[in-house]
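Everything in the sequence shown is counted per the UniProt record's numbering, starting at 1 for the first residue and increasing by one. From the three backbone atoms N, C-alpha and C, an ideal C-beta is built for every residue, glycine too. All figures in this text were calculated on a predicted structure; none of them were measured in a lab.
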Amino acid sequence: MTWRRRCAGATTSRSASACGATSSSTRPDSHSRTASIPAICRPWCAAISRRRSRPCAWPRRSSRAPTTRGCWGEPTWTATGAPPEASTTVTVWQDAGFLVVDFETTDANPRQARPLSAGWVAIVNGRIRVADGGYTLIASDGEVPVASMPFHRLLPEDVAAGTTPADVGSILTAVLDGRTLVAHGAWLELAMLRRLGVRWPRNETVDTMQLAREVEGEHGHRDLTLTALARRYELPVPRAHHAFGDALATAQLLLALVARLGARRSPTVDDLRRLARPR
């Protein structure tokens, strides 16, 4: 039993009895080609023929530009012809710098309050850096209300010897450079910064009070004061109403809240800014 091949119009077959091929030397028509295919192969050949008759689904590279690569390494294409812009870099919170700031003021109302003292602590690579912190009294151009003295324990003569507001504003501007501001009840800290000549954007601020509300959800505790949250998360309870002590406690609270928030995945700095934006 001999084999023949069909190539460029030459007709060959295994045998007329085995494959049903024609012995004609001319190229057969479509009917003869179909008849020459063994019966067992016809379904497969028909499928191949239908596939080849479909229009090509791949886009033409000459008119489209590559964007990203697919799961098999093949480039995908856009119809614009121009490559897309590079994706924005995502920064996990550990790689971002934070500065926790707290003020003691003459009043709880930000419209009437004046800053009396300022304390700050830095967070670098997810760790509290007390050495990068600071504390200063702020010279006030007005009287210290007697009603506020039991809270902050600052006497008028202490405040009078403090740093000028302009100098404090310059110091905080320098230490805030390239960092995200963190505060507990940040609306008051933002107002005090404005009084010192520092206009800090809200979208670059993390309010730990708002973050605690997001972490604990609707059924969380209603008491969101710094002292109550420190007890709830088993943190050292700070000496209330001292600017540096409150800043340190706020930094510890931030790490505790981020650890709770990151139980599923580590948040980015943009996540924290979005969830804990001052309202």
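May I have the straight-line CA-CA distance separating D246 from A118, to the nearest angstrom?
-> Here residue 246 refers to the residue found at position 246 of the sequence shown. Here residue 118 refers to the residue found at position 118 of the sequence shown. In a straight line, the C-alpha of D246 is about 10 Å away from that of A118.
Count the other CB atoms, across all protein chains shown, that sit within 10 Å of the CB of P165; report buried if there are 16 or more and exposed otherwise.
-> As a working mapping, residue 165 is identified with position 165 in the sequence shown. With 16 or more Cβ atoms within 10 Å of its Cβ, P165 is classed as buried.
With DSSP as the reference, label G133 as helix, strand or coil.
-> Counted from its first residue, the sequence shown places residue 133 at position 133. If DSSP states are grouped into helix, strand and coil, G133 belongs with the strands.
Could you give the C-beta distance for P205 and L190, rounded to a whole number, given that I count them as a contact under 8 Å?
-> The count along the sequence shown starts at 1 and reaches residue 205 at position 205. The count along the sequence shown starts at 1 and reaches residue 190 at position 190. For the sequence presented, residue 205 should be read as Thr rather than Pro. So it is a contact: roughly 7 Å between Cβ atoms.
In whole angstroms, what is the alpha-carbon distance linking T180 and G126?
-> If you number the sequence shown from 1, residue 180 lands on position 180. If you number the sequence shown from 1, residue 126 lands on position 126. When rounded, the distance between both Cα atoms is 13 Å.
Reference T208; option with closest CA among R260, S148, G169 = Residue numbering aside, residue 208 sits at position 208 when the sequence shown is read from its first letter. Of R260, S148, G169, the residue nearest in Cα terms is R260.
Which same chain residues, not among the five before or five after S62, have their C-beta less than 6 Å away from its C-beta?
-> Within the sequence shown, the letter at position 62 stands for residue 62. With a pLDDT of 42 at S62, under the threshold of 50, the predicted position of this residue should be treated as unreliable, and no value is reported.
Give the DSSP-derived three-state secondary structure of P236 in the structure shown.
-> Walking along the sequence shown from the start, residue 236 turns up at place 236. The answer is coil: DSSP assigns P236 none of H, G, I, E or B.
Range of the contiguous alpha helix (DSSP H) that encloses I171 | Position 171 of the sequence shown holds residue 171. For I171, the enclosing alpha helix (DSSP H) has its first and last residue at 165 to 176.
Is the segment 136 to 155 touching the segment 97 to 109, taking contact as three or more C-beta pairs under 8 Å?
-> Because the criterion of three Cβ pairs below 8 Å is met, the segment 136 to 155 and the segment 97 to 109 touch.
Taking the Cβ atom as the reference point for each residue, do P267 and W93 lie within a distance shorter than 8 Å?
-> The sequence position of residue 267 within the sequence shown is 267, counting from 1. The sequence position of residue 93 within the sequence shown is 93, counting from 1. Cβ distance < 8 Å, so P267 and W93 count as in contact.
For the alpha helix (DSSP H) that contains E189, what are its first and last residues?
-> Position 189 of the sequence shown, counted from the start, is the residue given in the question as residue 189. Residues 186 to 195.
So, is D141 buried or exposed, given that buried needs 16 or more other C-beta atoms within 10 angstroms?
-> Within the sequence shown, residue 141 is the residue found at index 141, counting from 1. If you draw a 10 Å sphere on the C-beta of D141, you find fewer than 16 other C-beta atoms in it, and that means exposed.
Got a sec? Which residues, its chain only, sit under 6 Å from residue 316 by beta carbon, not counting five neighbours each side?
-> Any answer about residue 316 is impossible in this case: the structure gives the chain only from 1 up to 279.
Assign residue 309 to one of two classes, buried (16 or more other C-beta atoms within 10 Å of its C-beta) or exposed (fewer than that).
-> Lying outside 1 to 279, the shown extent of the chain, residue 309 is not represented and no answer is given.
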